[in-house]
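Beneath this line is the structure, given in structure tokens, with notes to follow.
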Amino acid sequence: MSASTDSSTTDVDGGSEDKAPLLSALFLIKFDQKVGYIIAWKRSAVDVALDGAVEFKSLPSGLHSVKSDLVYFVHEGYAGLSAFVSGPASEAERNAHLVAVGVLVPLSYGRLGRSWLHARSLQKIASALADDPSFTTPLEEYWEQHGSDKGRRDAQGSKFPARQTSENFAAQAEPWKGHSRARALSNITAELPSEQSLPSFHPALSIMQYINVFGPLVFRLQQAALLRKRILFIASPPVRTTCEFVYNLSVLSSIPHSVSDLLPPGSENLHRLRSLFSIGIHDIPFLEQLRSGPDDGSQSIQNDASSQGWVACTTDEILGTKTQLYDVIVTIPPAYDAAPSKRAWPTIRTSDGSLIRASQRDVWRYKLLRHELWKHRHGNYSFDSDANSDEHAALLAQDDVEALDNLNEVYDDKVVEPMTWSQLAYSGFMWWASAGEKDAYISEIRDRDREVLGDLSDFLPTSINIPSHSQNGTTDIGLAPHEVVQAGLHTAIIAYFHRLTSLMITGLAEMVEAADEEDIDGGELDALMVGRDDVSRIGLDGWSALDQTFIEEVLWVYFGRRAIVKGVSLECCGVRIG
Numbered sequence: 001m002s003a004s005t006d007s008s009t010t011d012v013d014g015g016s017e018d019k020a021p022l023l024s025a026l027f028l029i030k031f032d033q034k035v036g037y038i039i040a041w042k043r044s045a046v047d048v049a050l051d052g053a054v055e056f057k058s059l060p061s062g063l064h065s066v067k068s069d070l071v072y073f074v075h076e077g078y079a080g081l082s083a084f085v086s087g088p089a090s091e092a093e094r095n096a097h098l099v100a101v102g103v104l105v106p107l108s109y110g111r112l113g114r115s116w117l118h119a120r121s122l123q124k125i126a127s128a129l130a131d132d133p134s135f136t137t138p139l140e141e142y143w144e145q146h147g148s149d150k151g152r153r154d155a156q157g158s159k160f161p162a163r164q165t166s167e168n169f170a171a172q173a174e175p176w177k178g179h180s181r182a183r184a185l186s187n188i189t190a191e192l193p194s195e196q197s198l199p200s201f202h203p204a205l206s207i208m209q210y211i212n213v214f215g216p217l218v219f220r221l222q223q224a225a226l227l228r229k230r231i232l233f234i235a236s237p238p239v240r241t242t243c244e245f246v247y248n249l250s251v252l253s254s255i256p257h258s259v260s261d262l263l264p265p266g267s268e269n270l271h272r273l274r275s276l277f278s279i280g281i282h283d284i285p286f287l288e289q290l291r292s293g294p295d296d297g298s299q300s301i302q303n304d305a306s307s308q309g310w311v312a313c314t315t316d317e318i319l320g321t322k323t324q325l326y327d328v329i330v331t332i333p334p335a336y337d338a339a340p341s342k343r344a345w346p347t348i349r350t351s352d353g354s355l356i357r358a359s360q361r362d363v364w365r366y367k368l369l370r371h372e373l374w375k376h377r378h379g380n381y382s383f384d385s386d387a388n389s390d391e392h393a394a395l396l397a398q399d400d401v402e403a404l405d406n407l408n409e410v411y412d413d414k415v416v417e418p419m420t421w422s423q424l425a426y427s428g429f430m431w432w433a434s435a436g437e438k439d440a441y442i443s444e445i446r447d448r449d450r451e452v453l454g455d456l457s458d459f460l461p462t463s464i465n466i467p468s469h470s471q472n473g474t475t476d477i478g479l480a481p482h483e484v485v486q487a488g489l490h491t492a493i494i495a496y497f498h499r500l501t502s503l504m505i506t507g508l509a510e511m512v513e514a515a516d517e518e519d520i521d522g523g524e525l526d527a528l529m530v531g532r533d534d535v536s537r538i539g540l541d542g543w544s545a546l547d548q549t550f551i552e553e554v555l556w557v558y559f560g561r562r563a564i565v566k567g568v569s570l571e572c573c574g575v576r577i578g
């Protein structure tokens, strides 16, 4: 299966409607000087235990340092969302009313149950209650409008609800195959679920920021997520963006439908990484229950990995000291959005403290991706409108100057693996011994990476139609011109990472099948041999020891096969290097 023709699935959660889901619970949390955070008002359509839990989940540590925030979490099988606001108060009340208006919705519609469709309303209610927490009329009215016993039926319904989501839609249709523009975003909006246009507050809207913040480390995060590790993000408030990063990683690391049938039976729970979103010290007992059991080596660890793996975020730095609770910890510095010259990159470490760095190939792929994103954000679009096209073109080009500056970012050895001795020899002072082989090998890798990235314009409109009757310059699908382009690029990024996963799964499945066919005795081989060319062909770096280890682990987790991986080596004058 060619990476360039593999169908892409967005895996972006949502229903076939933009209607906000019915609520299973609605509550108000406020800060009381004597007892701390309390539930000041609540309504529930089902028997949900709120006391002693949601007040801490709705107000993570340190949230008092910001004026407002959105917090995503999970609670007792429900998706939770709270809108926090700090309002003015008297000196006796420490000059601030700290309130959070939260909801619980069934998880029937994906990782967050489409809870973001309540975000704007919750923000407005929270702002009103920050001025006067005793004025609960808006809460009563909102519950009357959105609360219902139907919340019980949704919560107890099928894991795969009858209402169509973007995931099962993508499984039925195969949009954007190859490099055809026939199904470009502007032409298929009518037949795609409405959330494909990514409504306001949708967590996938932060995918561009996710790519910018982590740089080439996005590929290492992808690997950890594919191995279904326990991944913990640590960052300072506000927490909305970090919660959205949790969502993004889960979406990007999902197994595409197009290759899921290549995996052995019993691996279905590996298709998606569990998302816990915001957690705190109150969740330690729950996290301890999710700790992986010992592996005796007698069978595949598929069940352990799929049931125990998760991704979450926290503002409680103390969780970082509980190394038994996680496998990978990601520390996001406060200045992650600073200028390139002052950028402090996130750090990724294992629970034993080992630093995880991007490979040299990751850097190349990341710069290739960033260049293509910049090119299409900066691209020329024809505007079918009587309005001033220059004005709309300017909207498309916003932030492009900064993006162009970032294309030439330089990464230190805390972010990227240094070249190995054999790699230096291969590309440096020993070029005369293997120049032809080196050029051909590197050129082949570059071509493969470009092919997997594909043409991002497949997801973008060839023109942007702004009706003459439009009062605010929006397109015929209700979005501003730059939002149309952004929506297409978000989808393109998701599709790209899914193609990377498809390339790897397909290549490994072919290796396993070939090895089984060669075993004339009909029993399993002691170990699957993976060579240099195999490593390169599935999109990884043959020079990187971490990539070699990753292949061994992913073959074990997904296929239950032991493997011996050989990286790139160089032979000169009868001496093998590397």
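For the sequence shown, the residue numbers in UniProt numbering are 1 to 578. Virtual Cβ for every residue (Gly too), placed ideally from N, Cα, C.
Between the alpha carbons of glycine 454 and tyrosine 496, how many angstroms are there, rounded?
8 Å
Spatial distance of valine 363 from tyrosine 558 (CA atoms):
27 Å
What residue range is occupied by the uninterrupted alpha helix (DSSP H) comprising arginine 120?
119-131
For threonine 347, which residues in the same chain have their Cβ closer than 6 Å to its Cβ, ignoring the five residues on either side in sequence?
Thr331
Do you know offhand how far leucine 489's Cα is from glutamine 33's?
47 Å
What residue does the beta strand (DSSP E) around lysine 229 start on, and which one ends it?
For lysine 229, no beta strand (DSSP E) run applies, since DSSP gives it neither H nor E.
Among Ala515, Pro106, Val416, Ala509, nearest to leucine 217 - alpha-carbon criterion:
Val416
C-beta contact flag for glycine 147 and aspartate 13 at 8 Å
no
Residue ranges of each beta strand (DSSP E) run of no fewer than 3 residues wholly in the stretch 225-284, ordered along the chain?
230-234, 274-278
Taking a contact to mean a Cβ-Cβ separation below 8 Å, would you say leucine 456 touches alanine 492 in this structure?
yes
Three-state secondary structure (DSSP) of histidine 202
coil
Quick one: using the 10 Å Cβ neighbour count with 16 as the cut-off for buried, is leucine 139 buried or exposed?
buried
Helix, strand or coil at tyrosine 326 [DSSP, three-state]
coil
Which residues does DSSP pair with tryptophan 310 in a beta bridge?
Arg230, Arg274
Since histidine 75 sits in a beta bridge, which residues does DSSP pair it with?
Tyr78
When you compare the CB positions of glutamate 55 and tyrosine 78, do they come within less than 8 Å of one another, or not?
Not a contact, by the Cβ cut-off of 8 Å.
Return the first residue and the last residue of the beta strand (DSSP E) that serine 44 is part of.
36-44
Rounded to the nearest angstrom, what separates alanine 403 and tryptophan 374 at their Cα positions?
The predicted position of alanine 403 is uncertain, since its pLDDT is 48 and thus under 50; no value can be drawn from it.
Taking buried to mean at least 16 other C-beta atoms within 10 Å of its own C-beta, is methionine 511 buried or exposed?
buried
On the CB-based measure, 16 or more other CB atoms within 10 Å of its CB, does isoleucine 231 come out buried or exposed?
Buried.
CB-CB under 6 Å to valine 66, same chain, minus the five flanking residues each way: which ones, in chain order?
Pro237, Pro238
Please report the Cβ distance between alanine 100 and isoleucine 39, rounded to the nearest whole angstrom; I am assuming they are in contact, meaning their Cβ atoms lie under 8 Å.
About 10 Å; that fails the 8 Å criterion.
Find the nearest neighbour of asparagine 212 within the set His118, Ala312, Ala344, Thr314, judged by alpha-carbon distance.
Ala344
Which of helix, strand or coil does DSSP assign to aspartate 455?
coil
For alanine 45 and tyrosine 142, what's the separation of their Cα atoms in angstroms?
Answer to the nearest angstrom: the Cα atoms are 13 Å apart.
Quick one: grab the DSSP three-state call for alanine 83.
Three-state result, alanine 83: strand.
Please determine, among Thr323, Gln324, Pro203, Ile281, the residue with the shortest C-alpha to C-alpha distance to aspartate 316.
Ile281
Taking the Cβ atom as the reference point for each residue, do glutamate 244 and proline 203 lie within a distance shorter than 8 Å?
With respect to the 8 Å criterion, glutamate 244 and proline 203 are classified as neighbours on the basis of their beta carbons.
Between which two residues does the beta strand (DSSP E) harbouring arginine 349 extend?
It spans 347-350 - the beta strand (DSSP E) in which arginine 349 sits, taken as one unbroken run.
Contact check, leucine 107 vs glycine 113 under 8 Å by CB: the rounded distance?
5 Å
Assigned exposure category for lysine 414 - 16 Cβ within 10 Å defines buried
When all chains shown are included, lysine 414 counts as exposed.
Considering lysine 57, what are the terminal residues of the alpha helix (DSSP H) in which it resides?
54-58
So what does DSSP say about residue 620, is it helix, strand or coil?
Outside the modelled stretch of the chain, which goes from 1 to 578, sits residue 620, for which no answer is possible.
Can you tell me which of the three DSSP states proline 216 falls into?
helix
Determine whether the beta carbon atoms of serine 278 and valine 105 lie at a separation below 8 Å.
no
Rounded to whole angstroms, what's the CA-CA distance from tryptophan 556 to glutamate 144? Just pull it up for me.
51 Å
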